[in-house]
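Everything below concerns the one structure shown next.
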Amino acid sequence: MMAKTAIRKKKPALTLGIVIRRAILWGFAVWCLFPIYWLINMSLKEAVDAIARPPTFIFIPTLQNYIDVIQDPRITKFLVNSLIIALSATFLGLLIGAPAAYVLARHRFRLDSKIAFWILATRFTPPIAMLIPFFVIFYNLGLLGTHAGLIIAHIGINLAMIVWILRGFFQDLPRDLEDAAFIDGAGRFQSFRRIILPLALPGIAAVGILTFLSSWNEFLFSMVLGGNDVMTVPVGIYAYIGFEQIEWGKLSAAATLMLAPVIAFILLFQRQLVRGLTLGAVK
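For any residue, its number in the numbering used here is found by taking its place in the sequence shown, counting from 1, and adding 2.
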């Protein structure tokens with residue numbers, strides 16, 4: 003009995019510092035999760051309870067808002083458009099950005115560091131400043147109101163982030179692996195495809211998730227460059243906001259349904275996201 007007691011791990015004593023840190027973390031968690039709670043809370047209220055002042059926390063929940071939103075044929079179309087655009091922008095962005103990041107990470111040529119900074123500098127410009135050039139170019143090319151146009155726009159928005167983050171991942175990989183592949187007769191492309199990409203998969207998955215979320219939630223470009231045929235969910239749910247009233251219940255229900263694929267996507271790739279974002283943090 004004493005032996006079992008001796009090998010039993012002792013719980014760390016609660017000190018004032020630990021209590022304060024835990025309280026801060028719990029407070030930050032409540033701060034982040036409260037808007038989601040309020041959104042779901044509003045989606046389960048009837049119109050009278052939704053506009054009650056002061057807000058009501060005790061009410062009879064109803065699923066009528068969800069039923070109305072699901073039965074709205076526009077919502078399904080919005081979800082399909084968002085999936086097509088977000089998945090395509092993510093796939094094509096990684097297809098273009100991964101080789102570009104590899105070249106910047108591995109090859110040394112004139113102005114290579116400046117080119118990397120120029121790519122990052124494109125993120126300094128507010129998106130609304132790039133909207134007019136995109137609009138003029140797409141108007142002349144006939145890409146306004148098309149899936150292809152929005153996919154190209156979303157790739158342009160996220161490509162700098164993809165290249166810059168993946169460049170850091172590729173730089174952390176040891177060059178000895180590629181040198182060994184070259185000795186065995188592999189070419190540059192074979193080394194990149196068979197060695198570098200499998201090792202960088204956690205980072206690629208993390209960047210892919212961030213790109214998908216950015217494209218899924220994008221509003222400004224989708225509203226201006228899109229149209230009725232390619233309207234995405236963030237733009238589509240704006241239809242519940244009218245001149246005379248806001249349908250808070252339906253708006254909240256539609257926003258909750260918009261969150262569902264994103265939460266499922268993150269839970270499905272949670273391990274890859276955490277591993278990718280912490281890659282290289284511990285040596």
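Think of the CB as a built atom: it goes at the ideal place given N, C-alpha and C, for glycine as much as any other residue.
{"Asked": "In chain order, each alpha helix (DSSP H) run of at least 4 residues that lies wholly inside the segment 105-159", "Found": "114-123 and 129-143"}
{"Asked": "Contacts around threonine 124, its chain only, beta-carbon distance under 6 Å, and the 5 residues preceding and following it disregarded", "Found": "Ala162"}
{"Asked": "Isoleucine 53 (DSSP reduced to helix, strand or coil)", "Found": "coil"}
{"Asked": "Segments of 4+ residues assigned as alpha helix (DSSP H) that fall wholly inside the segment 149-230", "Found": "149-174, 177-185, 190-193, 203-219 and 222-227"}
{"Asked": "Inter-residue CB distance, leucine 253 and isoleucine 265 (contact presumed, cutoff 8 Å)", "Found": "Leucine 253 to isoleucine 265, Cβ: 19 Å. No contact."}
{"Asked": "Integer-rounded CB distance, given that phenylalanine 80 should sit under 8 Å from methionine 233", "Found": "6 Å"}
{"Asked": "Span separating the alpha-carbon of isoleucine 268 from that of alanine 100", "Found": "21 Å"}
{"Asked": "Coil, strand or helix - isoleucine 243 by DSSP", "Found": "strand"}
{"Asked": "Per-residue DSSP class, three states only, for isoleucine 62", "Found": "coil"}
{"Asked": "Residues sharing a beta bridge with isoleucine 2, DSSP", "Found": "Coverage of the chain is limited to positions 3 through 285, which leaves residue 2 absent and any answer about it impossible."}
{"Asked": "Among Leu85, Ala25 and Thr213, nearest to asparagine 160 - alpha-carbon criterion", "Found": "Thr213"}
{"Asked": "Local conformation of phenylalanine 80 per DSSP, three classes", "Found": "helix"}
{"Asked": "Buried or exposed by the 16-neighbour rule on C-beta atoms within 10 Å, applied to histidine 109", "Found": "exposed"}
{"Asked": "Per-residue burial, threonine 258 [other beta carbons within 10 Å of its own, 16 or more giving buried]", "Found": "buried"}
{"Asked": "Residues near leucine 270 by beta carbon distance below 6 Å, same chain, minus five either side", "Found": "none"}
{"Asked": "Leucine 259, DSSP secondary structure in three states", "Found": "helix"}
{"Asked": "Counted within 10 angstroms of its Cβ, other Cβ atoms place threonine 92 as buried (16 or more) or exposed", "Found": "buried"}
{"Asked": "Per-residue DSSP class, three states only, for leucine 89", "Found": "helix"}
{"Asked": "Buried versus exposed, by CB contacts within 10 Å (16 or more), lysine 47", "Found": "buried"}
{"Asked": "Supposed contact pair serine 224 and valine 133 - C-beta distance, whole angstroms, cut 8 Å", "Found": "As written in the sequence, residue 133 is leucine, which differs from the valine given in the question. Not really, about 11 Å apart at Cβ, beyond 8 Å."}
{"Asked": "Span of the alpha helix (DSSP H), counted from its first residue to its last, around leucine 41", "Found": "18-45"}
{"Asked": "Buried/exposed call for isoleucine 121, threshold 16 Cβ in 10 Å", "Found": "buried"}
{"Asked": "Phenylalanine 267 - DSSP class collapsed to helix/strand/coil", "Found": "helix"}
{"Asked": "Helix, strand or coil at aspartate 74 according to DSSP, with G and I counted as helix", "Found": "coil"}
{"Asked": "Cβ neighbour criterion (16 or more within 10 Å) applied to phenylalanine 172", "Found": "buried"}
{"Asked": "Cβ of isoleucine 268 within 9 Å of any chain C Cβ", "Found": "You won't find chain C in this structure, because it holds only one protein chain."}
{"Asked": "Opening and closing residue of the alpha helix (DSSP H) in which valine 237 lies", "Found": "235-238"}
{"Asked": "Asparagine 83 classed as buried or exposed, judged by whether at least 16 other C-beta atoms fall within 10 angstroms", "Found": "buried"}
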